[in-house]
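First the structure, in the form of structure tokens, and then the observations on it.
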Amino acid sequence: MVDFDENLFGCLSSLSICSIALIPGGCCILQAIAVDRALEKGIIGACIFSCMLLCIGSSLNRARIRDRYNIEGSHLKDCLIWICCTPCAATQEYREVRRREGN
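Using this note's numbering, you'd call the opening residue of the sequence shown number 27 and step up by one each time.
Dropping the structure here:
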């Protein structure tokens, strides 16, 4: 297993993506796009999942991304990251998937 290639606190290196994460609902949108690109499951379901279930849904979406790319982690760690660092988590996931799948 590997770790995320994109640093959790590297969100400021991509200010346009980071600014989207800071607007209301932006984190849900970024994560939904990342899940759709990584898993091809559809953006609507992933967005509803993360918005309706908040940190639990978002941490489960993060786990799906981790599973897809064989990235280390745990559900507890995913949930804590989404509780404490929501914009950074959304930006990290979006950038990770974009890097692995291409633009």
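Every residue gets a Cβ at the ideal spot worked out from N, C-alpha and C, and that includes glycine.
Confirm, please, whether the CB-CB distance from residue j to residue i is below 8 Å.
i: Leu72; j: Asn87; result: Sequence inspection shows Ala at residue 72; the Leu mentioned does not correspond to that position. For Ala72 and Asn87, yes; Cβs fall inside 8 Å.
i: Cys53; j: Ala60; result: no
i: Leu140; j: Cys111; result: With the chain represented from 27 up to 129, any question about residue 140 goes unanswered, as that position is not in the structure.
Give me the Cα-Cα distance between residue i and residue j, rounded to the nearest whole angstrom.
i: Met27; j: Trp108; result: 21 Å
i: Ala89; j: Gly51; result: 20 Å
i: Glu66; j: Leu41; result: 26 Å
i: Leu38; j: Thr117; result: 9 Å
i: Glu32; j: Cys114; result: 11 Å
i: Asp29; j: Ile70; result: 27 Å
i: Lys25; j: Ser84; result: Here the chain comprises residues numbered 27 to 129, so residue 25 is not present and cannot be evaluated.
i: Glu119; j: Ile74; result: 17 Å
i: Arg125; j: Gly36; result: 14 Å
Mapping DSSP to helix, strand and coil, what is residue i?
i: Ile97; result: strand
Assuming residue i and residue j are in contact, meaning their beta carbons sit under 8 Å apart, how far apart are those beta carbons, in whole angstroms?
i: Ile91; j: Val123; result: 7 Å
Does the beta-carbon of residue i, which I'm using as the reference point, lie nearer than 7 Å to any heavy atom of the ligand ATP?
i: Phe30; result: Ligands are entirely absent from the displayed structure, and the ligand ATP is therefore not among its contents.
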